[in-house]
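Trainee: Okay, handing you the structure first.
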Amino acid sequence: MSSAHHGCSAADRPLGSSEEPPGFSRRQRSKLFSDPKGFRFRGSSPTAVPALDAPPLAPRENWGQFRNMLAPNHSLEAMIPSVRLSPAPAAFSGSSLRSKSASIPSISSLKPSKYVVSSLRPLYLTPLDGSHTAELKPRRQPLEFRCAASAADDKESKPEVLPVQSEGAQRLKISIYFATWWALNVIFNIYNKKVLNAFPYPWLTSTLSLACGSAMMIFSWATRLVEAPKTDLDFWKVLFPVAVAHTIGHVAATVSMSKVAVSFTHIIKSAEPAFSVLVSRFLLGETFPAQVYLSLLPIIGGCALAAVTELNFNMVGFMGAMISNLAFVFRNIFSKRGMKGKSVSGMNYYACLSIMSLVILTPFAIAMEGPQMWAAGWQTALAEVGPNVIWWIAAQSVFYHLYNQVSYMSLDQISPLTFSIGNTMKRISVIVSSIIIFHTPVRPVNALGAAIAILGTFLYSQVIWLL
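Counting in our numbering, the sequence shown runs from 1 upward without gaps.
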């Protein structure tokens, strides 16, 4: 095995090392590298280059001193036949530092499971490119280093130095996510209501929105704009109940919007936390502190007040929103229980969910409405609205996928509490914008009920986070 294969020259290898480490059995080597205490980093500097717990690794003369500290059968050469320092530029808080070796924060402050290495082959700490020293530069932008441990017959790790985002940059990123999410959701709801007013077939409308999103993601995978997820049959089996619940919730919400105002549908949908607690309590046997139940009172009371005082109340629309709440609660439960350990990003996860939901929904849409009803309704829509209905349907379908995709992507970046607060604010933006655009008549007591329900949703998210 040549030294070039390991990504280092013979001069880089510690004295006395060989192809197979002497005096160190496979069982001993496996035990050493599977023990979190057997291999550590040290130091507390905010920026780092790896170093072992004993003497620094940079000067070669320190190898003999370190070797004497080890047990006879556990020589450093047996532990790590080749060690090199990362040459990536590092940012330091003090410009007076002159040493060519540095240290990184103690690994005890991180999750140990991510840093435990177990291998039956000799391991090499490989640098992110080819030199031996860390270049010290004035602090401008902190850098995050990833130290990769690779097996002897693996290819050398590719360079990966990521900028560490400042608090201001992170806040800006979250703000952009939220602004995009809310804007896309408002646009979708406006076009969705326009389509349903002109073409009142919610089953077909729901199918078209899923079909458009599925086609967009399949095209992205085929052209490699987005990396396709690595899934197996087990993944799709676990995803099936999630997709069933998602399909029911999506169709029920669309049916609701076809019968009542957009604002009323979203007021009722703000009661989803109450459904979540009740389902978890009575079906799953989970218990909650009294504060959680108390936080549900304004949600339930506000929704009830808004429903009673709604000028254009419709039972089908009301029940559609309620069924949507229940279905989305089960979707979340199935997703949390079944998708644990599945490494699929938020964007690809929602794409797979859309594809399976489309397969589930299509036959039901044909059975519930059918081509004959669609053809008659299409002629009526063209006669009343004109070609604009085509653009409305296209916009409704595209923006439905985009707003859901952004919401899943933002969930990857932020905490559940922040996401819950963002979802509450999203409902406020949708309710207010729909009232303004569609000139929905609202009584003061109806507005009060909506405000109480939304405030209750916000309080619920705070209580859940604090418990």
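Glycine included, each C-beta is placed from N, C-alpha and C at the ideal position.
Using a Cβ-Cβ distance under 8 Å, would Trp378 count as near chain B?
Mentor: Of the protein chains in the structure, only one exists, and it is not chain B.
Trainee: Are there any heavy atoms of the ligand SAM lying less than 7 Å away from the beta-carbon of Phe330, as far as the coordinates show?
Mentor: Because no ligand of any kind appears in the structure shown, any question about the ligand SAM cannot be addressed here.
Trainee: Can you tell me which of the three DSSP states Glu167 falls into?
Mentor: Helix, per DSSP.
Trainee: Quick one, are the C-beta atoms of Val316 and Val255 less than 8 Å apart?
Mentor: Yes, the Cβ-Cβ distance between Val316 and Val255 is below 8 Å.
Trainee: Once DSSP output is grouped into helix, strand and coil, what is the label at Pro200?
Mentor: Residue state, collapsed to three classes: coil.
Trainee: Exposed or buried, His266, counting other C-beta atoms within 10 Å across all chains shown (16 or more means buried)?
Mentor: So His266 counts as buried.
Trainee: State the Cα-Cα distance for the pair Thr457 and Thr207, rounded to the nearest angstrom.
Mentor: Those two C-alpha atoms are separated by around 30 Å.
Trainee: In angstroms, rounded to a whole number, what distance separates the CA positions of Ala394 and Ala245?
Mentor: Rounded to the nearest angstrom, the two C-alpha atoms are 25 Å apart.
Trainee: Assuming Glu272 is part of the alpha helix (DSSP H), what are its boundary residues?
Mentor: Residues 272-282.
Trainee: With 16 other CB atoms within 10 Å as the buried threshold, where does Gly213 fall?
Mentor: Buried is the call here.
Trainee: What is the DSSP secondary structure of Asp232, counted as helix, strand or coil?
Mentor: It is coil, neither helix nor strand.
Trainee: Return helix, strand or coil for Ser343, following the three-state DSSP convention.
Mentor: Correct three-state label for Ser343: coil.
Trainee: Counting C-beta neighbours from all protein chains within 10 Å, is the total for Ile454 16 or more, i.e. buried, or is it exposed?
Mentor: By the neighbour-count rule (16 or more Cβ atoms within 10 Å), Ile454 is buried.
Trainee: How about Cys303 and Ile268: are their beta carbons less than 8 Å apart?
Mentor: Taking 8 Å as the Cβ cut-off, Cys303 and Ile268 qualify as a contacting pair.
Trainee: Relative to the C-alpha of Phe219, which residue among Arg427, Ile355, Ile414, Val406 is closest?
Mentor: Closest by alpha carbon: Ile355.
Trainee: Val445: buried (16+ other C-beta within 10 angstroms of its C-beta) or exposed?
Mentor: Exposed, by the Cβ-count rule.
Trainee: In terms of residues, what are the limits of the alpha helix (DSSP H) holding Ile393?
Mentor: From DSSP, the alpha helix (DSSP H) with Ile393 extends over 388-413.
Trainee: Using the Cβ count rule (16 or more neighbours within 10 Å means buried), how would you classify Phe312?
Mentor: The sequence as given places Asn at residue 312; Phe does not occur at that position. Counting Cβ neighbours within 10 Å, Asn312 comes out exposed, since fewer than 16 surround it.
Trainee: Got a sec? Which residues, its chain only, sit under 6 Å from Ser258 by beta carbon, not counting five neighbours each side?
Mentor: So the list reads Leu196, Pro200, Pro202, once near-sequence residues are dropped.
Trainee: Expressed to the nearest angstrom, what Euclidean distance is found between the alpha-carbon atoms of Ser166 and Ala179?
Mentor: When rounded, the distance between both Cα atoms is 20 Å.
Trainee: Could you check which residue in Val186, Lys173, Leu172 has the C-alpha nearest to that of Leu402?
Mentor: Out of Val186, Lys173, Leu172, Val186 has the C-alpha closest to the C-alpha of Leu402.
Trainee: At the level of alpha carbons, what is the spacing between Leu448 and Phe399?
Mentor: Whole-angstrom Cα-Cα distance: 30 Å.
Trainee: What residue range is occupied by the uninterrupted alpha helix (DSSP H) comprising His266?
Mentor: It spans 262-269 - the alpha helix (DSSP H) in which His266 sits, taken as one unbroken run.
Trainee: Can you tell me the Cα-Cα spacing of Val292 and Ser263, whole angstroms?
Mentor: Roughly 26 Å between the two C-alpha positions.
Trainee: Exposed or buried, what is Arg427 when buried is set at 16 or more other beta-carbons lying within 10 Å of its beta-carbon?
Mentor: Classification for Arg427: buried.
Trainee: Hey, how far is the Cα of Gly168 from the Cα of Phe364?
Mentor: So the alpha carbons of these two residues sit roughly 48 Å apart.
Trainee: Does the separation of the CB atoms of Ile248 and Ala327 fall below 8 Å?
Mentor: Against a cut-off of 8 Å, the Cβ pair of Ala327 and Ile248 comes out as a contact.
Trainee: Spatial neighbours of Ser461 within its chain, please: CB distance less than 8 Å, with the 5 preceding and 5 following residues excluded, ordered by chain position.
Mentor: Same-chain partners within the cutoff: Pro273, Leu417, Ser420, Ile421, Thr424.
Trainee: Please report how far the alpha carbon of Ile323 lies from the alpha carbon of Phe275, in whole angstroms.
Mentor: Going from the Cα of Ile323 to the Cα of Phe275 covers about 10 Å.
Trainee: Can you tell me the Cα-Cα spacing of Pro441 and Ile435, whole angstroms?
Mentor: Taking the straight line joining both Cα atoms gives about 8 Å.
Trainee: Can you give the beta carbon distance from Ala271 to Asn348, rounded, assuming they're within the 8 Å contact cut?
Mentor: The Cβ separation is near 31 Å, so there is no contact.
Trainee: Excluding the 5 residues preceding and the 5 following Ser397 in the sequence, name in chain order all residues of the same chain whose CB lies nearer than 7 Å to its CB.
Mentor: Cβ neighbours of Ser397 beyond the five flanking positions: Leu208, Ser209, Cys212.
Trainee: Is the CB-CB distance between Val344 and Pro229 below 8 Å?
Mentor: Yes. Within cutoff.
Trainee: Does the beta-carbon of Phe188 have 16 or more other beta-carbons within 10 angstroms, so that it is buried, or is it exposed?
Mentor: Buried, because 16 or more other Cβ atoms sit within 10 Å of the Cβ of Phe188.
Trainee: With a threshold of 7 Å on Cβ separation, who are the neighbours of Tyr408 within its own chain once the five nearest residues in sequence on each side are excluded?
Mentor: Excluding sequence neighbours, Tyr408 sits near Gly346, Met347, Tyr349, Tyr350.
Trainee: Evaluate Phe282 with the Cβ neighbour count: other Cβ atoms within 10 Å of its Cβ, from every protein chain shown; 16 or more gives buried, anything less gives exposed.
Mentor: Exposed.
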